[in-house]
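The number in this note's numbering is simply the position in the sequence shown, starting from 1, with 259 added.
What follows is a set of notes on a single structure, which appears directly below.
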Amino acid sequence: MPRRRSASRRAERALAASGVLALVTAAAATGLAPASSSASSHREAPMTAGDPRADNTDVYAFTSPDKPDTVTLVANWLPFQEPNGGPNFYPFAEDARYNIKIDADGNGKPDTTYTWEFTDHIRDDADQFLYNTGVVKSLNDETLNFRQTYSLTVTDSHGTRKSLLKDAPAAPSNVGKASMPDYAALRKQAVLSLPDGGQAFAGQASDPFFLDLRIFDLLYGGDLSETGHNTLAGYNVNTVAIQVPKKAVALKSDATRNPVIGVWSTTDRQGANVVGAAGKGAEDGKATDAQGAPDKGGEAGWRQVSRLGNPLVNEVVVPLKFKDAFNALSPEKDATVTPVVDKVKDPIVPKLIENIYGVPAPATPRNDLVEIFLTGICKECGPIKADLNSQRLNADVDKTKVVPAEELRLNMSIPPAAKPNRLGVLADDLAGFPNGRRLNDDVVDIELQALEGAAQTGKIVPALAAGDAVDTPYREPGDTFPYVALPNTAAVNQADSLHPDGGVGAGLGGLVSGDTFPVVPVTALGGGALLAVAGVLALRRRRGTGQA
260 MPRRRSASRR AERALAASGV LALVTAAAAT GLAPASSSAS SHREAPMTAG DPRADNTDVY
320 AFTSPDKPDT VTLVANWLPF QEPNGGPNFY PFAEDARYNI KIDADGNGKP DTTYTWEFTD
380 HIRDDADQFL YNTGVVKSLN DETLNFRQTY SLTVTDSHGT RKSLLKDAPA APSNVGKASM
440 PDYAALRKQA VLSLPDGGQA FAGQASDPFF LDLRIFDLLY GGDLSETGHN TLAGYNVNTV
500 AIQVPKKAVA LKSDATRNPV IGVWSTTDRQ GANVVGAAGK GAEDGKATDA QGAPDKGGEA
560 GWRQVSRLGN PLVNEVVVPL KFKDAFNALS PEKDATVTPV VDKVKDPIVP KLIENIYGVP
620 APATPRNDLV EIFLTGICKE CGPIKADLNS QRLNADVDKT KVVPAEELRL NMSIPPAAKP
680 NRLGVLADDL AGFPNGRRLN DDVVDIELQA LEGAAQTGKI VPALAAGDAV DTPYREPGDT
740 FPYVALPNTA AVNQADSLHP DGGVGAGLGG LVSGDTFPVV PVTALGGGAL LAVAGVLALR
800 RRRGTGQA
């Protein structure tokens, strides 16, 4: 296990992956603003922190490296899970729907939607408060007091829904080695076969996203030598994943003629109200659906409250005013959101970098970024003269119906790389981001270079070549489905080793409040207290901190 960098873990997880650019302005175009529930994506929007179980963090889409005739889709929720967060730990929400959506024809609407819905099961809620009452060896073990099952359905573009799994067991939160000594075996039991081929999974995982979040402290305080701390190291997330034959998501079920798909995840809340900017519902004050139309009572009041496609864009492109509205919008509306599209063409980040580091911002308008995030890359799409991952490349697509839409686009015809490069397409690895997204793709460094014009010039910007100096996930992904790494069990909170004075108070951590250790006469301390202090100090020395 890598050496812990406690300082980096104190930062709140803020920056992970969100839908990319143009939709948020729908607040102005459609008058939308979520009034209740929350938003999505590593706390990138003002309302997100209030509803972490509805908070999308990242989406991944890639050709399965060990089964190249299939595609794997992964989506994560509920960020910043401290592994020792008992007694309730981190269940999925019962009153939410977790969706992965696929657009095969480029019209910004889902042609295929996979939906997970969860149900809680408690064996004894009258005489127990524990998540588990003993060692857990199987998902059906009587000692697992709290369990979740889920239904998995697939819905086509006509709204026809088909059940794929029912009462399927989700992997539990990893309580720890004493409770779950063989967690890998438990997770293996939660990997289930699908009736038409493929596999599905729901459960906890080590967060695969990686970056140094001090980027929000004026871009590392103007000193790139202070990068290199993986803020997300040690935290867990909740994961849903599905692996299906490519034909299951391709236009007209033909992945050879139509290999390009667009992918995003959403969260729906039952009873969540989406209202107009003035604080009233559409028309006569009644609730609206996620597209701003009056709710007709369908789907029992389910409404979209969160959305995520490409990483980082809602965080660093979309202005604060529109972030929450972005999360309620459907991709086919993106091109109508003029204020946000304008921020794609004239982004904020390059100007900040120029002001702080003196690296000249590329000339605007940035039609290369529009191509990367909204249209996909193709020779007829924009200034990047290459055919890579636009749905316009699908042989059977009606190009008159293709619209700019923020989606994570994947060309499934490109085989997995024998030696994947973390910089993806920028390093001539066409199987990596922004052509889909693999678990090891360094999207922070890639997008930083793209914002600085590397996709136009074909050259890395030397002054920013090191990026945030965090190049790999905290735990390496696996070689087989669901690929995400097993969840962590060690406590992330190491505040006791970060005491600003480096004194005795540092050893007592949460037992001592404030920034300085209180001065207490020795005579006021009992012998047990003195032994406790001595024991803490001895433990710190054994850990190699050198502090006393």
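Glycine included, each C-beta is placed from N, C-alpha and C at the ideal position.
| Item | Value |
| --- | --- |
| Taking 9 Å as the threshold (C-beta atoms), are W561 and R356 in contact? | yes |
| If you follow the alpha helix (DSSP H) that Q715 is in, where does it begin and where does it stop? | A713 to T716 |
| Figure out for me which residue from V330, D317 and A363 has the closest Cα to the Cα of D655. | A363 |
| In this structure, how does DSSP classify G457 when only helix, strand and coil are distinguished? | coil |
| Which complete alpha helix (DSSP H) runs does the segment 599 to 650 hold, if anything under 4 residues is left out? | 608 to 616 and 626 to 629 |
| Distance check for H380 and S422, CA to CA, integer angstroms please. | 21 Å |
| Drop a sphere of 10 angstroms on the beta-carbon of Q448, count the other beta-carbons inside from all chains shown, and report buried for 16 or more, exposed for fewer. | exposed |
| Out of F468, K511 and E485, state which residue places its alpha-carbon closest to the alpha-carbon of G493. | F468 |
| Measuring straight from C-alpha to C-alpha, what distance separates V743 and T402? | 26 Å |
| Rank G456, A443 and N347 by C-alpha distance to the C-alpha of F405 and give the top, closest one. | N347 |
| Less than 8 Å between C-beta atoms, sequence neighbours within five positions excluded: which residues of the same chain meet that for L424? | Y409, S410, L411, L451, L453 and A459 |
| Apart from the five residues on each side of it in sequence, which residues of its chain come closer than 6 Å, Cβ to Cβ, to A677? | none |
| With 16 as the cutoff for other CB atoms within 10 Å, does E353 come out buried or exposed? | exposed |
| What residue does the alpha helix (DSSP H) around D527 start on, and which one ends it? | Run containing D527: none in the alpha helix (DSSP H); it sits in the beta strand (DSSP E), V519 to Q529. |
| In terms of DSSP beta bridges, what is L567 paired with? | S524 |
| Pick helix, strand or coil for R382, following the three-state DSSP scheme. | coil |
| Within 10 Å of its beta-carbon, does A509 have 16 or more other beta-carbons around it, so buried, or fewer, so exposed? | buried |
| N699 and P732 look like a contact to me (Cβ under 8 Å); what is the Cβ gap, rounded to whole Å? | 7 Å |
| Taking only the alpha-carbon atoms, compute the straight-line gap between V720 and D593 and give it to the nearest angstrom. | 30 Å |
| Rounded C-beta distance between A313 and R528? I'm assuming under 8 Å. | 6 Å |
| By how many angstroms is the C-alpha of S649 removed from the C-alpha of G768? | With a pLDDT of 33 at G768, under the threshold of 50, the modelled position of this residue cannot be trusted; read the value that follows with caution. For G768 and S649, the distance between alpha carbons rounds to 52 Å. |
| State the DSSP-derived secondary structure class of A500, mapped to helix, strand or coil. | strand |
| Using three-state DSSP, classify G691 as helix, strand or coil. | coil |
| Taking the C-alpha atoms as reference points, what is the distance between V608 and D601? | 14 Å |
| My assumption, with CB atoms under 8 Å, is that T748 sits in contact with K436. Please give the rounded CB distance. | 6 Å |
| Strictly by DSSP, which residues pair up with S323? | Beta-bridge pairing links S323 to no other residue. |
| On the DSSP letters alone, give me the boundaries of the alpha helix (DSSP H) that F581 sits inside. | L579 to F585 |
| Starting from K421 and walking both ways along the beta strand (DSSP E), at which residues does that stretch end? | R420 to P428 |
| Grouping DSSP H, G and I as helix and E and B as strand, with all else coil, what is K678? | coil |
| Do P663 and L628 have their C-beta atoms within less than 9 Å of each other? | no |
| Look at the alpha carbon of G393 and the alpha carbon of N586, and state the distance between them as a whole number of angstroms. | 41 Å |
| Using DSSP with H/G/I as helix, E/B as strand and the rest coil, what is S438? | coil |
| Looking only at DSSP bridge pairs, what is G462 linked to? | T498 |
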